[in-house]
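Report on the structure given below.
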Amino acid sequence: PKPSAEAATVFRFEPGRQYLAWEAVGAFLISDARRIDVQPAPGVDDALLAFPLLGPVLALLLHQRGLLVLHASAIAVTGRGAIFMGDKGAGKSTTASALIRAGHDLLTDDVVALDLADPNQPTIVPGFPQIKLAADAAAAISPGQAQVRPQVHPAIEKIQHRLRGAFSGNRVPPARIYILERGERAGITPLPPIAALPAIIKFSYVTRFGRAALSGDFAAMHLRHCSAIANHVGVCRLDVPTGIDRIGEAVALIERELAGDA
Numbered sequence: 011p012k013p014s015a016e017a018a019t020v021f022r023f024e025p026g027r028q029y030l031a032w033e034a035v036g037a038f039l040i041s042d043a044r045r046i047d048v049q050p051a052p053g054v055d056d057a058l059l060a061f062p063l064l065g066p067v068l069a070l071l072l073h074q075r076g077l078l079v080l081h082a083s084a085i086a087v088t089g090r091g092a093i094f095m096g097d098k099g100a101g102k103s104t105t106a107s108a109l110i111r112a113g114h115d116l117l118t119d120d121v122v123a124l125d126l127a128d129p130n131q132p133t134i135v136p137g138f139p140q141i142k143l144a145a146d147a148a149a150a151i152s153p154g155q156a157q158v159r160p161q162v163h164p165a166i167e168k169i170q171h172r173l174r175g176a177f178s179g180n181r182v183p184p185a186r187i188y189i190l191e192r193g194e195r196a197g198i199t200p201l202p203p204i205a206a207l208p209a210i211i212k213f214s215y216v217t218r219f220g221r222a223a224l225s226g227d228f229a230a231m232h233l234r235h236c237s238a239i240a241n242h243v244g245v246c247r248l249d250v251p252t253g254i255d256r257i258g259e260a261v262a263l264i265e266r267e268l269a270g271d272a
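So in my numbering, spot 170 of the sequence shown is number 180, and the numbers just go up one at a time.
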């Protein structure tokens with residue numbers, strides 16, 4: 011099937027097969043959580059195809075493999091993972107980039123996959139050394155030693171930065187999940203599990219596809235995974251001051267908290 015002229019997107023889910031299509035980009039078919047077939051829209055190049063492929067398509071494939079996938083970014087801080095979730099524009103990638111500039115390593119940007127084969131010892135599965143930043147954030151705190159890629163489409167504000175270092179390819183345990191909010195000054199407020207669980211569910215990647223993506227045993231597994239993370243990983247609200255020039259205040263607070271918790 012192809013997306014109709016009236017619909018910008020088409021998502022279809024069957025046992026063993028998932029079909030995702032964006033009219034302006036192309037269509038993707040996931041088979042048996044092992045294979046992705048790609049049909050680009052006319053005139054679309056690989057750079058534009060990579061945005062959905064390495065975002066929602068990859069996230070859905072990892073979900074089909076039994077991982078918990080969050081719409082978030084993750085940084086390795088002294089061998090432990092800090093995960094950053096938040097609404098669009100909250101500053102997930104910006105905060106992650108500031109931590110890279112402070113000497114820490116990227117684990118993954120945009121798609122955070124958690125392996126809960128042992129629910130008591132979850133690990134963050136590393137992604138690839140690339141981070142997406144809006145132009146204003148990139149100009150102020152672009153990670154050192156990064157290759158800046160051209161803008162792929164006028165409607166996509168974020169620019170891809172491919173890191174030449176500052177990347178960790180090792181699995182690490184998640185130490186904190188920070189939910190980003192804008193505030194007058196930097197602050198960290200722990201959330202009780204009863205508040206942490208809804209936040210993890212909200213920012214899990216698969217929820218954006220609706221109930222059709224959680225058919226059969228996937229719904230129960232997804233809830234178990236979200237509950238395990240809420241109970242075993244500290245979930246906090248992170249207030250980030252408005253203004254790129256003040257992101258360092260949040261970075262210092264994160265470093266102090268994780269150092270004291272080690």
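Positions of the beta carbon are idealized from the N, C-alpha and C atoms, including for glycine.
Small disclaimer: the values here were computed from a predicted structure and weren't measured.
1. Can Tyr-188 and Val-79 be called in contact, C-beta distance under 8 Å?
2. Quick check: Pro-251 and Gly-193, are their CB atoms within less than 8 Å of each other?
3. Cα separation between Ile-264 and Ile-141?
4. Going by other Cβ atoms of all chains shown within 10 Å of its Cβ, with 16 needed for buried, is Lys-98 buried or exposed?
5. One question on the structure: do Leu-59 and Pro-50 come within less than 8 Å of each other, judged by their Cβ atoms?
6. For the region 92-139, list the alpha helix (DSSP H) runs that are entirely contained and at least 4 residues long, ordered along the chain.
7. In whole angstroms, what is the alpha-carbon distance linking Leu-30 and Ser-178?
8. Using the three-state DSSP reduction, which class does Glu-259 fall into: helix, strand or coil?
9. Quick test of your reading: Val-182 and Gly-53, contact by CB under 8 Å. State the CB separation rounded to the nearest angstrom.
10. Tell me the DSSP secondary structure of Ile-85 in three-state form.
11. Indicate whether Leu-190 and Gly-253 have their beta-carbon atoms separated by less than 8 Å.
12. Quick one: residues in its chain with C-beta nearer than 7 Å to the C-beta of Lys-168, no 5 flanking neighbours on either side, listed in chain order?
This is what the structure gives:
1. Remark: C-beta atoms of Tyr-188 and Val-79 do not approach each other more closely than 8 Å.
2. Their beta carbons are under 8 Å apart, which means Pro-251 touches Gly-193 by this criterion.
3. Cα to Cα, Ile-264 sits roughly 20 Å from Ile-141.
4. So Lys-98 ends up on the exposed side.
5. Between Leu-59 and Pro-50, the CB-CB gap stays under 8 Å.
6. List check, alpha helix (DSSP H) in window: 102-111.
7. Rounded to the nearest whole angstrom, the CA to CA distance from Leu-30 to Ser-178 is 30 Å.
8. Glu-259 falls in the helix class under three-state DSSP.
9. In fact, because the Cβ distance is near 41 Å, the residues do not count as touching under 8 Å.
10. Of the three classes helix, strand and coil, the one that applies to Ile-85 here is strand, per DSSP.
11. It is not a contact, given that the beta carbons lie outside the stated cut-off.
12. The beta carbon of Lys-168 sits closer than 7 Å to those of Lys-142, Leu-143, Ala-144, all from its chain and outside the five residues before and after it, given in chain order.
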